[in-house]
Amino acid sequence: GAVVSQHPSRVICKSGTSVKIECRSLDFQATTMFWYRQFPKQSLMLMATSNEGSKATYEQGVEKDKFLINHASLTLSTLTVTSAHPEDSSFYICSAPYDNEQFFGPGTRLTVL
Amino acid sequence: AQSVSQHNHHVILSEAASLELGCNYSYGGTVNLFWYVQYPGQHLQLLLKYFSGDPLVKGIKGFEAEFIKSKFSFNLRKPSVQWSDTAEYFCAVSTMEYGNKLVFGAGTILRVKS
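Right under this line is the structure:
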């Protein structure tokens, strides 16, 4: 089956710094990837749709300048959390569609001190 | 916009017990429905999906789900659970109107006692 990887799996950073999270489709190409955020005991919330070669599409309420998305190639999308604050601490998950199904990465646990 | 509700956040069962996890969605049009599972320390995996046709869908590992349009429901069932079914289960819906993006329920944590 299709495999999606994320790096890093965990990151701890200081408040005010920026953190980059990578999402890769390992054995297929993805013109679109999705970024989700999951709070404890809550659902996955779609943050944005990453589009290869064009701007990302953000969901309502998601700050574009805060969560920068770059879809650099057909196998890589990056999410950069800029000027991170403790309230940005969360579990970030990406997914990519393949053969009418969404394949999810293992997630990245971000902790902002 | 569509939404998904899952009735129980925590379910504890003994091995061999039957399982039913509730899922209801709010959307009046055509929907695609999914159940995902997340085992401890692993990423989300698709259990089963419904696009059209037979409303009783069979998935992997003995799971099945029934789409009841009149009730806006897509409950997940398994006749006899195993300890290895301990995981978190997410119901999700997508629609063409919403660009086929997945909208997830809050998840149900299932713990199976051996």
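Chains E and L are the protein sequences, given in the same order. Residues in the first sequence are numbered consecutively from 146, following our numbering. Residues in the second sequence are numbered consecutively from 9, following our numbering. Note that beta-carbon positions come from the ideal geometry of N, C-alpha and C, so glycine has one too.
Helix, strand or coil: which one does DSSP assign to residue i?
| i | result |
| --- | --- |
| P48 of chain L | coil |
| S78 of chain L | helix |
| S150 of chain E | strand |
| K57 of chain L | strand |
| K69 of chain L | helix |
| S92 of chain L | helix |
| K200 of chain E | coil |
| F173 of chain E | coil |
| L118 of chain L | strand |
| L219 of chain E | coil |
Looking at chain E, is there any beta carbon in it that lies within less than 8 Å of the beta carbon of residue i?
| i | result |
| --- | --- |
| L110 of chain L | yes |
| G113 of chain L | yes |
| L4 of chain L | Because chain L here runs from 9 to 122, residue 4 of chain L falls outside it and cannot be looked at. |
| H15 of chain L | no |
| L52 of chain L | yes |
Tell me the DSSP bridge mates of residue i?
| i | result |
| --- | --- |
| S235 of chain E | E:L255 |
| Q183 of chain E | E:L189, E:F236 |
| S102 of chain L | L:N40 |
At least one CB of chain L closer than 8 Å to the CB of residue i: is that the case?
| i | result |
| --- | --- |
| T194 of chain E | yes |
| Q247 of chain E | yes |
| F212 of chain E | no |
Using a Cβ-Cβ cutoff of less than 6 Å, which residues in the same chain neighbour residue i once the five nearest sequence positions on both sides are dropped?
| i | result |
| --- | --- |
| Q53 of chain L | V45 |
| V39 of chain L | V101, T103 |
Excluding the five sequence neighbours on either side, which residues of its own chain have a C-beta within less than 7 Å of the C-beta of residue i, listed in chain order?
| i | result |
| --- | --- |
| Y3 of chain L | Missing from the structure shown is residue 3 of chain L; chain L here goes from 9 to 122 and no further. |
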